[in-house]
Amino acid sequence: MNKRHLERGSVNGSVFTIVALVILVLLFGSFGIWSYMNYIDQKTNTDQKIEEATAEAVLKASEKLQAEFEEKEKQPLRIFVGPSDYGRLSFDYPKTWSAFQESDVSQGGGVTYAAYLNPVIVPPVSETTKFALRITIEQKIYDKALDEYASQIKKGDLKSSVYVDGNRTGTRLTGNFNKDIVGTAVLIKIRDRTLTLRTDGDVFLPDFEAILKTVKFNE
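Note that the sequence shown ends on residue 224 in this note's numbering; no numbers are left out.
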């Protein structure tokens, strides 16, 4: 009886040990599988993040190169020259732009001089068409020309500030010129006329600022 009891105890101990080992194997196996799956998931996410970061870096580099190329293509600059009877306005502009003079002022009679500049081609002229640069020289005294924007300034559609280029002063207007165009304009007095230079939108604002630095006309 004692022998059988000892054998039964030994068997029970062995079974317990085997069960414990099986449980440990299953636990370690499950942990191993979980660790492997977690590693695969993290690796996938890491690889995806690396791919996204690489793609973003390539895109930024490409955009930078494109911007540099476009800036180089603008050189050498061209010189715009307006009619002598209207102060002989002149300034430098990118050679990739085209210019269109809408007005024939040769006959006189107080006609408003108007010209438009835009990259590659100048689209049909209208109040809603956006241009890189609009030019008008009106046979109006400066104060009267500025008064035309008074209601828009009062409503807050346009913000007015003093424009100074070192040689002369004028007025800078920024905001909504109409429901279709948000831009920046500069009004400057030319004798008994008023010069208005305007860019429609922010895309060409750096070019606009560069052009303003080169503006010349007969005082």
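Beta carbons: idealized from backbone N, C-alpha and C, even for Gly.
#1: Since I believe L94 is in contact with I142 (beta carbons under 8 Å), could you give me their beta-carbon distance rounded to a whole number of angstroms?
#2: With DSSP collapsed to three states, give me the class of K160.
#3: Is the region 161-171 close to the region 100-112, with three or more CB pairs under 8 Å?
#4: What are the partner residues of F105, as DSSP defines its beta bridges?
#5: Kindly examine the ligand GTP and report whether one of its heavy atoms sits closer than 7 Å to the Cβ of K100.
#6: Assign K149 to one of three DSSP states: helix, strand, or coil.
#7: Classify Y98 as helix, strand or coil using the three-state DSSP reduction.
#8: Skipping 5 residues on each side, what residues in its chain have a beta carbon closer than 7 Å to that of L151?
#9: Go ahead and pull the three-state DSSP assignment for K218.
#10: Is the beta carbon of V110 closer than 8 Å to that of D90?
#11: For Y168, which residues does DSSP report across the bridge?
#12: Taking 8 Å as the threshold, find out whether the region 128-148 comes into contact with the region 184-200 through three or more Cβ pairs.
#13: Just to confirm, are D205 and P99 a CB contact at a threshold of 8 Å?
#14: If we cut at 8 Å on Cβ distances, does R93 have a partner in chain C?
#15: Under 8 Å between the Cβ atoms of F96 and T189?
#16: Who are the near neighbours of S165 in its chain, counting only those whose CB is closer than 8 Å to its CB and skipping five residues on each side?
#17: Measure the alpha-carbon distance for I38 versus Y44 and round it to whole angstroms.
#18: So what does DSSP say about T22, is it helix, strand or coil?
#19: Mind checking who K194 pairs with in its DSSP beta bridge?
According to the structure shown:
#1: By one-based count along the sequence shown, residue 142 stands at place 137. By one-based count along the sequence shown, residue 94 stands at place 89. Indeed, because the Cβ distance is near 7 Å, the residues count as touching under 8 Å.
#2: Within the sequence shown, numbered from 1, the residue matching residue 160 stands at position 155. Helix.
#3: No, because fewer than three Cβ pairs between the region 161-171 and the region 100-112 fall closer than 8 Å, the two stretches do not touch.
#4: By one-based count along the sequence shown, residue 105 stands at place 100. Looking at the DSSP assignment, F105 forms a beta bridge with Y121.
#5: With respect to the ligand GTP, the structure offers nothing, as it holds no ligand at all.
#6: Numbered from 1 along the sequence shown, position 144 holds the residue referred to as residue 149. Secondary structure of K149 (DSSP, three-state): helix.
#7: Numbered from its first residue, the sequence shown carries residue 98 at position 93. Looking at Y98 - three-state DSSP - the assignment turns out to be strand.
#8: For the purposes of this step, residue 151 is taken as the residue at position 146 of the sequence shown. Contacts found: T176, L192.
#9: Taking the sequence shown and counting its residues from 1, one reaches residue 218 at position 213. The answer is coil: DSSP assigns K218 none of H, G, I, E or B.
#10: What you label residue 90 is simply residue 85 of the sequence shown in a count that begins at 1. What you label residue 110 is simply residue 105 of the sequence shown in a count that begins at 1. Against a cut-off of 8 Å, the Cβ pair of V110 and D90 comes out as a contact.
#11: Here residue 168 is taken as the residue at index 163 of the sequence shown, counted from 1. Bridge partners of Y168 according to DSSP: G175.
#12: Touching, yes.
#13: In the sequence shown, the residue the question calls residue 205 occupies position 200. In the sequence shown, the residue the question calls residue 99 occupies position 94. Not closer than 8 Å, so no.
#14: Among the chains in the structure shown there is no chain C, since it carries only a single protein chain.
#15: Position 91 of the sequence shown holds residue 96. Position 184 of the sequence shown holds residue 189. No, these two residues do not count as a Cβ contact at 8 Å.
#16: In the sequence shown, counting from the first residue as 1, residue 165 sits at position 160. Y154, I158, T176, R177, L178, listed in sequence order.
#17: For the purposes of this step, residue 38 is taken as residue 33 along the sequence shown, with counting starting at 1. For the purposes of this step, residue 44 is taken as residue 39 along the sequence shown, with counting starting at 1. One C-alpha to the other measures close to 10 Å.
#18: Here residue 22 corresponds to residue number 17 of the sequence shown, with the count starting at 1. Correct three-state label for T22: helix.
#19: One-based indexing of the sequence shown puts residue 194 at position 189. DSSP lists T199 as partners of K194.
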